[in-house]
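Numbering-wise (the numbering used here), the sequence shown opens with residue 35 and increments by one. All C-beta atoms, glycine included, are put in the ideal place defined by N, C-alpha and C. Predicted, not measured: the structure shown is a model, and the values here were computed from it. See structure below.
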Amino acid sequence: MDPIRNPFAPGAGSQPPELAGREDIIRAADTALRRVLQGRPAQSEMLLGLRGVGKTVLLNKIEQLAEDYGYLTSFIEAPEDRNLVELLYPRVHQVLRQLSLVEAARAATYRAMRALRGFAAVFKVSVGDFDVSVDPEPGVADSGNLEFDVTDLFLKVGEAARAAGRGWVLLIDEVQYLSPDELGALIVAIHRTNQKALPVLLFGAGLPAIAALSGDAKSYAERLFVFPKVDALSDVDAADAIRQPIEDEGEAINRDALERIVALTQGYPYYLQEWGYQAWNVSDGSPITASCLDAAGAAALRRLDEGFFKVRIDRLTPKEKEYVIAMARLGGGPYRSADVADMLGEKLTTLGPRRAQIIAKGMIYSPAHGDIAFTVPMFDEYLRRHWIRD
């Protein structure tokens, strides 16, 4: 069928044509946003899930909702090689510039700008084009203690937003790459803005271990945040994610093809988009039938193997690759760390640092004590296709 009309959107964070199965998460975010604007308390959210389940898509949707309600928003993707201070500074600067345009908020915004100047100075932020032309306020956001200073800064931004009749939403993707101190500082800052009933919310997304990391950082995190699990879609929702975009284009897909796509993708949103995209392109016409799925599946796997999977295996050292290949040899996960050690013929204790490094790279995580699993669904199948020769 016409590739120009193809409704599917495989890509990192690309908005799918149908956000099936995520209604509860979107509804909860919508409620929190509306409550905070009315001065009522609401919990911030941390979306937890594996790669390719649509966490970034949901953050983008929440950002859109927030802007529709009049919030100022700041979206940050936490990389492995930059610290939180560097990421926060230009985003906060932009928010304060916008708030300074509101007459009623100018005094509060000026105080927030002074706090930001002190914050930048004490942490030696390279301000570039985001220099603040005010003097710092001594004793505000300038102690050099990240927890204290992020809290001071958030309070000042929240006060400025309230004076302007607006709210501020901070959205952070890849939260697992924040250090424990950085995550702890954010949790404390949000806790304090909540206590002051300031219109500030944090929506984060990351790998499943974030819930435990948040609890380790601050024991009250479980009361401050809700931790929605973003997982594979149910069969019904997965089918809707394929069928509805096709029908919206005036075309059709038969039941056998639909059921086979759901089964092949195991309901994972990224894979659904890839299989739907390829099935549309290889089909001779409507309805899409199961007869085209061998060709579509081969094309989908080729794109995944050459892109989605390959960029992840390429980040690993030879020894780290050896470790994940040993995991895949054991079949489907989760895996016992001791079994991986046995497969490699090494002691469990000697493999600890290697395992920790692979976790730090976001390739594996520990769903339970002594267990490990891949953060990328079906990654074990990719390794068996290309890296294991029995």
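- Going by DSSP, T383 is part of the alpha helix (DSSP H) stretching over L382 to A394.
- Judged by their CB atoms, L189 and D215 are not nearer to each other than the 9 Å cut-off.
- The C-alpha of E415 lies about 50 Å from the C-alpha of K230.
- The C-beta of K89 has 16 or more other C-beta atoms within 10 Å across all chains shown, which makes the residue buried.
- Take L205, set aside five residues on each side of it, and the residues of its chain with a beta-carbon closer than 6 Å to its own are L93, E97, F109 and F237, in chain order.
- Apart from the 5 residues on each side of it in sequence, A372 sits with its Cβ closer than 6 Å to the Cβ of L382 in its chain, given in chain order.
- In the structure shown, M80 adopts extended strand secondary structure according to DSSP, grouped into three states.
- Residues of the same chain with a CB within less than 6 Å of the CB of A360, apart from the 5 flanking positions on each side, are V374, M377 and L378 in chain order.
- Taking S160 as the centre and dropping the five residues before and after it, the same chain places the C-beta of E120 closer than 8 Å to its C-beta, in chain order.
- For D339, the CB contacts under 8 Å within the same chain, skipping 5 residues up- and downstream, are Y416, R419 and H420 in chain order.
- If you look at G218, you'll find it in the alpha helix (DSSP H) that goes P214 to Q229.
- Taking each of P37, M412, A76 and I60 in turn and checking the Cα distance to I224, the smallest one comes out for A76.
- Within its own chain, the residues whose Cβ lies closer than 7 Å to the Cβ of L220, once the five positions on either side in sequence are excluded, are V184 and L236, listed in chain order.
- E193 is not bridged by DSSP to any residue.
- Within the segment 107–155, the runs of alpha helix (DSSP H) that reach at least 4 residues and sit entirely inside it are, in chain order, 118–133.
- The C-beta distance from A139 to A197 rounds to 4 Å, short enough to fall under 8 Å.
- The C-beta of A54 has 16 or more other C-beta atoms within 10 Å across all chains shown, which makes the residue buried.
- Between the alpha carbons of I422 and Q72 lies a gap of roughly 57 Å.
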